[in-house]
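Asks: What follows is a structure written as structure tokens; I'll ask about it next.
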Amino acid sequence: MSIFKNFFGSNKKELPVEAIYPGESFSILKLDMPDGLSFATVNSAYKDYPHKKLFPYLAGFEMEILNKNNNDHPDNEEAEILNDLQDRIENFLKEKHTVHSVARVTRNGARDILIFIDEPKFTEEETKSFFDQINSVRAVNFTIEKDPKWNAVKGLGL
Numbered sequence: 000m001s002i003f004k005n006f007f008g009s010n011k012k013e014l015p016v017e018a019i020y021p022g023e024s025f026s027i028l029k030l031d032m033p034d035g036l037s038f039a040t041v042n043s044a045y046k047d048y049p050h051k052k053l054f055p056y057l058a059g060f061e062m063e064i065l066n067k068n069n070n071d072h073p074d075n076e077e078a079e080i081l082n083d084l085q086d087r088i089e090n091f092l093k094e095k096h097t098v099h100s101v102a103r104v105t106r107n108g109a110r111d112i113l114i115f116i117d118e119p120k121f122t123e124e125e126t127k128s129f130f131d132q133i134n135s136v137r138a139v140n141f142t143i144e145k146d147p148k149w150n151a152v153k154g155l156g157l
């Protein structure tokens, strides 16, 4: 308690502030998809997240996998490249958004990154400029859609 509160007193009640992030609790799911075996890394802490409606936009990123192992999943070097690109994408979004990176799915020839944000805030020019840089490393498809109930990730237990 500060000296000013002690001296002047305070008639305001201190209310607890709920964290905007639920924490981290990662699970790896094995998925049988039409194009073969897939793996999802999911932050299960979002399962009962009470603030989903405050982050109603799903930003989805599909990145091409070039260097594959026998299962058509990324080899170690490719995984490092994809992880770096994911970090760059998340950092780009964090410039203007609160980012909830909830899952990534690695499937036959592609990796999907699923992130929820409050509302799109980048201009078309900013987005194009950033993704031109990403596309110079790996082809990426970017979509954003309103999904206030997070239906797109219910199949992942969220």
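Residue numbers for the sequence shown follow numbering that gives the first Met the number 0, so the first one is 0 and each next one is one higher. Ideal placement from N, C-alpha and C gives every residue a C-beta, glycine not left out. Since the structure is predicted, the reported quantities are computational estimates derived from the model, not experimental observations.
#1: Below 8 Å CB to CB, which residues in the same chain sit around G156 once its five sequence neighbours on both sides are set aside?
#2: Among the candidates T105, L113, K93, whose CA atom is the shortest distance from the CA of K153?
#3: Mapping the DSSP letters down to three states, classify L65 as helix, strand or coil.
#4: Cα separation between A109 and F60?
#5: Just verifying my parser: in three-state terms, what is the DSSP assignment at V104?
#6: Between Y48 and the rest of its own chain, which residues show a CB-CB distance below 6 Å, the 5 nearest in sequence each way excluded?
#7: Please state whether DSSP places E76 in a helix, a strand or coil.
#8: Do the CB positions of A39 and T142 come within less than 9 Å of each other?
#9: Applying the criterion that 16 or more other CB atoms from any shown protein chain within 10 Å of the CB defines a buried residue, is T122 buried or exposed?
#10: Between the C-alpha atoms of L81 and D146, what's the straight-line distance to the nearest angstrom?
#11: What are the uninterrupted segments assigned as beta strand (DSSP E) that are 3 or more residues long and contained completely in the segment 93-138, given in chain order?
#12: Figure out for me which residue from W149, N150, A151, S135 has the closest Cα to the Cα of M62.
#13: Measure the CB-CB distance between D71 and N107 and report whether it falls below 9 Å.
Replies: According to the structure shown:
#1: Position 157 of the sequence shown holds residue 156. Result list for G156: S26, L28, V41, S43, K46, in chain order.
#2: In the sequence shown, residue 153 corresponds to position 154, counting from 1. Minimum Cα distance to K153 is reached at L113.
#3: One-based indexing of the sequence shown puts residue 65 at position 66. If DSSP states are grouped into helix, strand and coil, L65 belongs with coil.
#4: The residue labelled residue 109 in the question sits at position 110 within the sequence shown. The residue labelled residue 60 in the question sits at position 61 within the sequence shown. Distance between the alpha carbons of A109 and F60: 10 Å.
#5: Along the sequence shown, one-based indexing puts residue 104 at 105. In the structure shown, V104 sits in a strand (DSSP, three-state: E or B).
#6: In the sequence shown, counting from the first residue as 1, residue 48 sits at position 49. Cβ within range, chain order: P21.
#7: Within the sequence shown, the letter at position 77 stands for residue 76. Residue state, collapsed to three classes: helix.
#8: Counting from 1 along the sequence shown, the entry for residue 39 is found at position 40. Counting from 1 along the sequence shown, the entry for residue 142 is found at position 143. No.
#9: Mapped onto the sequence shown, residue 122 falls at position 123. Under this definition T122 is an exposed residue.
#10: Position 82 of the sequence shown, counted from the first residue, corresponds to residue 81. Position 147 of the sequence shown, counted from the first residue, corresponds to residue 146. Taking the straight line from one Cα to the other gives about 25 Å.
#11: 99-106, 109-116
#12: Indexing the sequence shown from 1 puts residue 62 at position 63. Comparing Cα-Cα distances from M62 to each of W149, N150, A151, S135, the minimum goes to S135.
#13: Locating residue 71 in the sequence shown gives position 72, where the first residue counts as 1. Locating residue 107 in the sequence shown gives position 108, where the first residue counts as 1. Yes, Cβ-Cβ distance for D71 and N107 is below 9 Å.
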